[in-house]
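Q: Mind looking over this structure? Questions follow.
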Amino acid sequence: MSTHDEPRDLTTIVRERYGQAARRASEGAAASCCGPASSCCGASAASGTADPITSNLYVNGETASLPPAAVLASLGCGNPTALAQLALGDVVLDLGSGGGIDVLLSARRVGPTGKAYGLDMTDEMLDLARKNASEAGVANVEFLKGRIEAIPLPDNSVDVVISNCVINLSGDKRTVLAEAYRVLKPGGRFAVSDVVVRGELPAAARRSMELWVGCVAGALEESEFTQLLGDVGFEAAEIEPTRVYDIEDAREFLAGAGLDVDEVANEIQGKVMGAFIRARKPGVSRTPAFRPATASDLTSIERLLATAGLTTAGIADILEARASDFVVAEDPGDPSELVAVAGLEICCATALLRSVAVRPEWQQRGLGRELVRRLVCEAEGRGLRALYLLTLTAEHYFPRLGFERIERGDVPPEIADTLEFKNACPASAVVMVRTFTR
Ligand SMILES: C[S@@+](CC[C@H](N)C(=O)[O-])C[C@H]1O[C@@H](n2cnc3c(N)ncnc32)[C@H](O)[C@@H]1O
20 MSTHDEPRDL TTIVRERYGQ AARRASEGAA ASCCGPASSC CGASAASGTA
70 DPITSNLYVN GETASLPPAA VLASLGCGNP TALAQLALGD VVLDLGSGGG
120 IDVLLSARRV GPTGKAYGLD MTDEMLDLAR KNASEAGVAN VEFLKGRIEA
170 IPLPDNSVDV VISNCVINLS GDKRTVLAEA YRVLKPGGRF AVSDVVVRGE
220 LPAAARRSME LWVGCVAGAL EESEFTQLLG DVGFEAAEIE PTRVYDIEDA
270 REFLAGAGLD VDEVANEIQG KVMGAFIRAR KPGVSRTPAF RPATASDLTS
320 IERLLATAGL TTAGIADILE ARASDFVVAE DPGDPSELVA VAGLEICCAT
370 ALLRSVAVRP EWQQRGLGRE LVRRLVCEAE GRGLRALYLL TLTAEHYFPR
420 LGFERIERGD VPPEIADTLE FKNACPASAV VMVRTFTR
């Protein structure tokens, strides 16, 4: 898709189509990126049924408080903010922000100390997005006019780049990815929903299928996408399918485009999908400093726990009375914000290991393991009899640190009575224990 004369034509076509879509959404109709003549963007354009690409991406609770026009204008193929692990205080940039749905959702997640930028080249979309933001009463957003191939933001200024079904529309994807890399801070995250293709498609089918999923689309093959991300400097690139499109959804469109659908079905089925694409800009290689918590860490610890979806119940009391039951890690380059925390809730001769949280950009560096290791030593050093924990996702990890699974009913009453156990523990969490011989 990336020839030299293409971007200008492509840009004009894309801008016209999304201008039209924005006008429809402003008038209270669901946006479709294509006019009736071209009948693309899913079966809905032709049949009037729910679009299998853009429909049901958000759960009701998420969009309930957004202006209806922001929801109607949604033309994405995923839900990047749900998957991106946004932290309070983050600066987020949405490439091709359309009517602003993901910008508004991001703004809520990053809170008043953070900021969400939307970037779009289509005036009508920008007008709609600004109107939606003002109706939603959200202050920490800004919509910028520009092309995703030349992002109008300084180097190293953004924590997370998101995007929802836009990069496939660009005729110069390498430049888009290089721009995303440039504006991200070291350690910053790329967290994007887009259409990708798995493996080879027959040329005619590919072109028709691309037209179906994205009007003037150029969905990348998944290994090509990870290769490009690596080429521009990203690390840890991963692609996770979120919705595999069914050939039946595209049947009417493909037949209209002159393809014998039954003939190509086997070559297309299961190969075109909405996916979540993540990668990271390498960080400055800094070693975090570990230390016991102090009472003045309260706000930062609460922010970390809220970002990780963990309870803050009882934290203020513990820090007030026994702050050193918690261990924290700080970034020596920016000690104002803690990067990880874990703590003990001690009850008589036993304790609950709780509140293990690591900032997203510091994950996968062994910080969680180191904090747990330190607290296990601390518990043993204090002569405790046993250390309990609850986990939803790391049952296979903790045996390496000497923990074993037990039944819920085997937990002693003093642990079952802890704030974490009572307040934050879904019934599905696994209980584990490490016992110490004295
Ligand atoms: C498929 S819509 C997605 C909109 C939005 N992300 C959503 O989920 O509803 C594509 C949007 O990207 C914008 N767009 C497409 N190509 C662009 C480019 N090269 N630079 C800036 N904006 C672009 C269009 O104007 C349109 O608003």
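Residues in the sequence shown are numbered from 20 upward in steps of one, following this note's numbering.
Note that the Cβ used here is the ideal one computed from N, Cα and C, for glycine as well.
These figures come from a predicted structure and were not determined experimentally.
Report all residues from its chain with a CB closer than 6 Å to the CB of residue 175; omit the five preceding and five following residues, and keep chain order.
A: 204.
Q: Taking C-beta to C-beta, are residue 295 and residue 242 nearer than 8 Å?
A: The answer is no: Cβ separation not under 8 Å.
Q: Under the three-state reduction of DSSP, which class applies to residue 434: helix, strand or coil?
A: Note: residue 434 maps to helix in three-state DSSP.
Q: Below 8 Å CB to CB, which residues in the same chain sit around residue 404 once its five sequence neighbours on both sides are set aside?
A: Closer than 8 Å at Cβ, skipping near neighbours: 368, 369, 454, 455 and 457.
Q: Cβ-heavy atom distance between residue 95 and ligand 1 below 7 Å?
A: Indeed, a heavy atom of ligand 1 lies less than 7 Å from the Cβ.
Q: Spell out the partners DSSP gives residue 137 in its beta bridges.
A: Paired residues: 113 and 162.
Q: Considering only the alpha carbon of each residue, which of 395, 210 and 359 lies closest to residue 382?
A: With distances taken between Cα atoms, residue 382 lies closest to 359.
Q: Can you list, in chain order, the stretches of the alpha helix (DSSP H) that have 4 or more residues and sit fully within the stretch 356 to 422?
A: Segments of the alpha helix (DSSP H) lying fully in the stretch 356 to 422: 386 to 400.
Q: For residue 202, which residues of its own chain have a beta-carbon under 8 Å away from its beta-carbon, when the five flanking residues on both sides are left out?
A: Here the set comprises 112, 170, 172, 173, 174, 175, 176, 177 and 180.
Q: Say yes only if the C-beta of residue 184 is nearer than 7 Å to one or more non-hydrogen atoms of ligand 1, and no if none qualify.
A: Yes.
Q: Just the C-alpha distance for residue 216 and residue 420, rounded to the nearest angstrom, thanks.
A: Distance between the alpha carbons of residue 216 and residue 420 is about 41 Å.
Q: Put residue 299 into one of helix, strand or coil per three-state DSSP.
A: Residue 299: strand per DSSP, three-state reduction.
Q: Cα-Cα, which of 275, 259, 164 and 114 is closest to residue 197?
A: Comparing Cα positions, the closest option is 114.
Q: Do the CB positions of residue 376 and residue 411 come within less than 8 Å of each other?
A: No; because the gap between Cβ atoms is not below 8 Å, this pair is not in contact.
Q: Is residue 429 near ligand 1, with its Cβ less than 7 Å from a heavy atom?
A: No, since every heavy atom of ligand 1 falls outside the 7 Å radius drawn around the Cβ of residue 429.
Q: Identify the residues that DSSP records as bridge partners of residue 309: which are they?
A: Paired residues: 348.
Q: Could you work out which residue in 333, 121, 425 and 384 is closest to residue 363 when comparing CA atoms only?
A: Closest by alpha carbon: 333.
Q: May I ask you to report which of helix, strand or coil DSSP gives residue 499?
A: Because residue 499 is not part of the residues shown, which for the chain are 20 to 457, the question remains open.
Q: For ligand 1, is there a heavy atom less than 7 Å away from the beta-carbon of residue 167?
A: Within the cutoff, so yes.
Q: Would you kindly report the start and end of the unbroken beta strand (DSSP E) that includes residue 213?
A: 203 to 216 is the extent of the beta strand (DSSP E) around residue 213.
Q: Keeping to the same chain, check which residues put their C-beta closer than 6 Å to that of residue 302; ignore five residues upstream and five downstream.
A: Same-chain partners within the cutoff: 205 and 206.
Q: Under a three-way DSSP split, which group does residue 353 fall into?
A: DSSP places residue 353 in strand when its eight states are reduced to three.
Q: Specify the secondary structure class of residue 182 as computed by DSSP and reduced to three states.
A: Three-state DSSP puts residue 182 in a strand.
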